[in-house]
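**Q** Chains as they are written, first to last, in our numbering: chain A, 299 to 565; chain B, 299 to 565. For glycine and all other residues, C-beta sits at the position ideal for the given N, C-alpha and C. Structure in structure tokens, see below.
And the structure:
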């Protein structure tokens, strides 16, 4: 099913939109010689407000697309897709979601009380608590959906008194339960990290699942690292809508003058 | 193309999600004997953050679906779709968007200064200002995208100090220009009407495009009204994702104990 792939083939990264670029940035720091093929399903985002059935259907099509483009491994950077669509998904290639690595990191760090924040669908799926309970059965876990965080980040209000008031409301129930570790269960949330850290206090550890999955992928593929060369690897970005807007954000997040963009149609 | 339709055929109403239910409610008040076939494209919402090309593609498929189900007329309840996807769209049936009726109502009411609020895509399309300038060339027009209003309504924070602070920020530039009429250019916004009216002041007239389009449809079809009977007409609701959640909202907005629901797939 995976066709002919080699160590020269890119790592495939899929997200519903631009959020997965934080995973790309983290992967590039750890595996600077690996080319990446990215797919952002911008025509159908956001996934976090859709049912599990629909997110599963979209995820399978998107992963098939990457496999069809001969990637050597797939990283599902979207928390919602990782939470609801990966059970039983076998594409004959290494495949990672962000939930398992994020949960493992939180289980390692916590003294006993873990908070999870994410989209409505991620929280409803209970995927993080299930993963955490498998790893450390005694953990106390409290979850909170934060549906306004993604639109606030998209609006560009990262450091803003309104965003702070909303974050305070969402985080209050977690603070009452005295969490010591907080999982940022959505790729958009690391952009709110300074504000969230200020509200929960310096002693609460924040787990960025983009960083965690990059670490997992790097240790799995690192030994069998791909091409080595003096020229940097070529990354390629496919989106289902709005390549111009995506390109502007990708250049900013990745700090590159040019990125290779392609508009694709997905049914 | 429209197949066999008759005066017994339903009126087709399409929206990206639940917002168009306000149009259904307004239509039912004016045409209580007309059956309605509704299509909510909940698997791909929101449209207001997508490019015009993608919204055009989705709209054509959705309108084709309604035509294939033998509706006698089509109402595009979604402001974004009305703003960017109706030019040159001919399905051989009467077809109305919400922009033209909303603009006409605002042109009738205004003393000279009109404000428009809507999604990012609706505002970017400039469709309301263009329609207004055709109707009354001398009007002063000021537009403002309010991307957080839809998620705030979805979160259920209709009357809330945070929503008020956000609305204040969005509406300030309109108030500085001393608008006398404000078009609520998104089907979600009527749910924020009391809050918006309070902020802009009682002397500013609010135009609800759901009401305006219902009036237009009623006067076009009213003379040739459909079936008359002692039993109420049967309405039917198709959605592309999450029929349970949609059904709960539809029952609440329409005040009915049961609604006829169907999950459909759209590519």
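Would residue 359/B be called buried (16 or more neighbouring beta carbons within 10 Å of its own) or exposed?
**A** exposed
**Q** Counting Cβ pairs, one atom from each stretch, are 3 or more of them under 8 Å apart for the segment 461-471 of chain B and the segment 390-404 of chain B?
**A** Flag = no, the segment 461-471 of chain B and the segment 390-404 of chain B do not touch.
**Q** Can you name the residues of chain B whose CB is closer than 8 Å to the CB of residue 446/A?
**A** 446, 449, 450 and 453
**Q** For residue 556/A, is the classification buried or exposed, using 16 other Cβ atoms within 10 angstroms of its Cβ as the cut-off for buried?
**A** By the neighbour-count rule (16 or more Cβ atoms within 10 Å), residue 556/A is not buried but exposed.
**Q** Compare the Cα-Cα distances from residue 442/B to each of 423/B, 431/B, 451/B and 502/B and report the closest residue.
**A** 423/B
**Q** Residue ranges of each beta strand (DSSP E) run of no fewer than 3 residues wholly in the segment 347-401 of chain B, ordered along the chain?
**A** 371-374 and 393-395
**Q** So is residue 348/B in contact with chain A if we call contact Cβ pairs under 8 Å?
**A** It does: the Cβ of residue 348/B has a partner Cβ on chain A nearer than 8 Å.
**Q** Could you tell me the boundaries of the alpha helix (DSSP H) in which residue 510/A lies?
**A** Residues 507-519.
**Q** According to the Cβ coordinates, are residue 369/A and residue 308/A closer than 8 Å?
**A** yes
**Q** Can you tell me whether residue 479/A is helix, strand or coil according to DSSP?
**A** strand
**Q** Determine the closest residue to residue 486/A out of 316/A, 304/A, 379/A and 312/A, with distance taken between C-alpha atoms.
**A** The shortest C-alpha separation from residue 486/A is found at 316/A.
**Q** In the DSSP assignment, find the unbroken alpha helix (DSSP H) run with residue 408/B in it and report its ends.
**A** Residue 408/B -> no alpha helix (DSSP H), and no H or E assigned at all.
**Q** Counting Cβ pairs closer than 8 Å, one from the segment 490-508 of chain B and one from the segment 451-463 of chain B, do we hit at least three?
**A** yes
**Q** Can you pull out the residues from the segment 527-558 of chain A whose beta carbon lies closer than 7 Å to at least one beta carbon of chain B?
**A** 539 and 540
**Q** Taking the beta carbon of residue 330/B as the centre, do at least 16 other beta carbons fall within 10 Å, making it buried, or is it exposed?
**A** exposed
**Q** Closest to residue 559/B by C-alpha separation, out of 344/B, 529/B and 336/B, would be which residue?
**A** For residue 559/B, the nearest C-alpha among the options comes from 336/B.
**Q** Rounded to whole angstroms, what's the CA-CA distance from residue 510/B to residue 432/A? Just pull it up for me.
**A** 56 Å
**Q** Closest by CA to residue 507/A, which one among 544/A, 548/A and 400/A?
**A** Closest option to residue 507/A, Cα to Cα, is 400/A.
**Q** Starting from the C-beta of residue 541/B, find all residues in its chain whose C-beta is less than 6 Å away, skip the five residues before and the five after it, and write them out in chain order.
**A** Excluding sequence neighbours, residue 541/B sits near 559 and 561.
**Q** Given a threshold of 16 other Cβ atoms within 10 Å of its Cβ, counted over all protein chains shown, does residue 304/A qualify as buried or as exposed?
**A** By the beta-carbon neighbour count (other beta carbons within 10 angstroms, threshold 16), residue 304/A is exposed.
**Q** State the Cα-Cα distance for the pair residue 498/A and residue 421/A, rounded to the nearest angstrom.
**A** So the alpha carbons of these two residues sit roughly 19 Å apart.
**Q** What are the boundary residues of the alpha helix (DSSP H) that residue 545/B is part of?
**A** 541-552
**Q** Exposed or buried, what is residue 517/A when buried is set at 16 or more other beta-carbons lying within 10 Å of its beta-carbon?
**A** Its Cβ having fewer than 16 others within 10 Å, residue 517/A is exposed.
**Q** Can you name, in chain order, every residue of its own chain whose Cβ lies under 6 Å from the Cβ of residue 377/A, other than the five neighbours on each side?
**A** Its chain contains 396, 416, 420, 483 and 484 as the residues whose beta carbon lies nearer than 6 Å to that of residue 377/A, once the 5 sequence neighbours on both sides are disregarded; these appear in chain order.
**Q** Could you give the DSSP three-state label for residue 467/A: helix, strand or coil?
**A** helix
**Q** 8 Å is my cut-off, CB to CB: does residue 312/A come that close to chain B?
**A** Residue 312/A does not count as touching chain B.
**Q** The segment 323-349 of chain B: which residues have C-beta closer than 9 Å to a C-beta of chain A, in chain order?
**A** From the segment 323-349 of chain B, only 340, 341, 342, 343, 344, 347, 348 and 349 have a Cβ closer than 9 Å to chain A.
**Q** Does any residue of chain A have a CB that is nearer than 8 Å to the CB of residue 464/B?
**A** yes
**Q** Does residue 442/A come out as helix, strand or coil in the three-state DSSP assignment?
**A** strand
**Q** Quick test of your reading: residue 539/A and residue 340/A, contact by CB under 8 Å. State the CB separation rounded to the nearest angstrom.
**A** 4 Å
**Q** Please report the distance separating the alpha-carbon of residue 342/A from that of residue 343/B.
**A** 7 Å
**Q** With residue 325/B and residue 512/B assumed to form a contact (beta carbons below 8 Å), what rounded beta-carbon distance in angstroms separates them?
**A** 5 Å
**Q** Can you confirm whether residue 421/B, when its beta carbon is compared against all beta carbons of chain A, has any partner nearer than 8 Å?
**A** For residue 421/B, the closest Cβ of chain A is not nearer than 8 Å.
**Q** Helix, strand or coil: which one does DSSP assign to residue 307/B?
**A** coil
**Q** Among 552/B, 405/B and 554/B, which one has its Cα closest to the Cα of residue 504/B?
**A** 405/B
**Q** Rounded to a whole number of angstroms, what is the C-alpha to C-alpha distance between residue 394/A and residue 425/A?
**A** Computed Cα separation, rounded: 14 Å.
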